[in-house]
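What follows is one structure encoded as structure tokens, with my remarks underneath.
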Amino acid sequence: MSEVTLSYDGAIAVLTLSNVAKLNALTISMLDALDGHLAEIDHNTTARAVIVTGAGEKAFCCGADIAEWGALSPAEFARGWVRDGHRIFDRLARLSKPTIAALNGHAFGGGLELAAACDIRVMTPRATLALPEAKVGIVPGWSGTQRLMRLVPEPVVKEMALFGRRITAERAAACGFVAEVAEDALRAAHQIAADLADVSPRANEITKAMIHAGIGEDRGAAIEALGSAAAGGSADRAEGVDAFLNKRSPKFTGQ
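Just so we're aligned: 12 in the working numbering is position 12 of the sequence shown, and the numbers increase by one with no gaps anywhere.
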């Protein structure tokens, strides 16, 4: 069985990290699987929302598997492991569909960065958040000092990254990082996602792109996507395509 599974509950896509023996620590094969599943979801026109969660009750994801990256050379670590993780997490962050991280357990290091790449988060009261990278001689590498800084107050990020302190679900909710604290985080995430049945998917997609442009998340692509969508729905676009295919001069009307 894959260590990252993709299933569907109606229009809700559910990505589950399933490396329970290692507290869902991320491996190279898991990153590759996550990348492939995200590509499928991105092109699935029937999916309305995405939930990311972990198997078991102890951990959402305890970070990157040290056995995977510990033997890498500095160049391999920076060029491959860190950049690949960034690229895949960016892909999650930039999905056009709303995403929810269901933190069924602890989220440490790369696990916290994975949760930060989702639009909102739901967290069980038993879980904690941490950035423990300095304890093994490295630094956050998958946006812990970048994207997370837009979502959590600077002193809280420093408390985790510099002092190694864990943040409780209560504090995570108080600072706005977590939308809801629920005993069953996955069930709560499903209930939130179900509300999208009454929301326009196209309006949601455009709104998410506008918000991302405002905060600098893939701003260039977001702006050009919005512009392309506006131009793509015009009569001029239809006229231009028809004229090209029929080898004639277009007659644009500005409509």
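C-beta: ideal position from N, C-alpha, C; glycine also.
DSSP places A67 within a helical segment (H, G or I) once states are collapsed to three. Taking C-beta separations shorter than 7 Å and ignoring five residues to either side along the sequence, the partners of A33 in its chain run S2, E3, V4, following chain order. Excluding the 5 residues flanking it on each side, E180 has same chain C-beta neighbours closer than 6 Å at V122, A188, in chain order.
Taking L151 as reference, the option from R237, H212, R248 with the minimal CA-CA separation is H212.
Following the DSSP letters along the chain, one finds T207 inside the alpha helix (DSSP H) bounded by residues 201 to 215.
DSSP assignment within the region 84 to 112 yields no whole alpha helix (DSSP H) run of 4 residues or more.
When beta bridges are read from the DSSP output, V14 appears opposite S7, I51.
In this structure, F60 is the residue among P250, M149, F60 with its C-alpha nearest to the C-alpha of A185.
Between L103 and A71 the beta-carbon gap is near 30 Å, outside 8 Å, which marks them as no contact.
Looking at W142, Y8, A25, the one whose alpha-carbon comes closest to that of F77 is W142. Where I28 is concerned, the enclosing alpha helix (DSSP H) starts and stops at 28 to 42.
The region 109 to 150 is shown to contain whole beta strand (DSSP E) runs of 3 or more residues at 120 to 123, 128 to 130, in chain order. Taking a contact to require three or more Cβ pairs closer than 8 Å, the region 163 to 178 and the region 192 to 205 do not qualify as touching. Taking C-alpha positions only, W81 is separated from R87 by approximately 10 Å. When secondary structure is reduced to three states using DSSP, F244 falls in the helix class.
Taking M30 as reference, the option from H43, I41, L6 with the minimal CA-CA separation is L6. Distances from the CA of A172 to each of R79, A115, T46 were compared; the closest alpha carbon is that of A115. R147 is not a Cβ neighbour of A209, given a cutoff of 8 Å. In terms of Cβ geometry, G54 and L17 form a close pair [threshold 8 Å].
In this structure, S249 sits near A243, with a CB-CB distance shorter than 8 Å. In the DSSP assignment, A172 falls within the alpha helix (DSSP H) that extends over 169 to 174.
Sorting N246, T168, D236, T45 by C-alpha distance to the C-alpha of A107 places T168 at the top. Comparing alpha-carbon positions, the option among G137, A194, I192 lying closest to P74 turns out to be G137. A59: member of the beta strand (DSSP E) spanning 59 to 61, first to last residue. In this structure, the beta-carbon distance from K251 to E239 falls below 8 Å.
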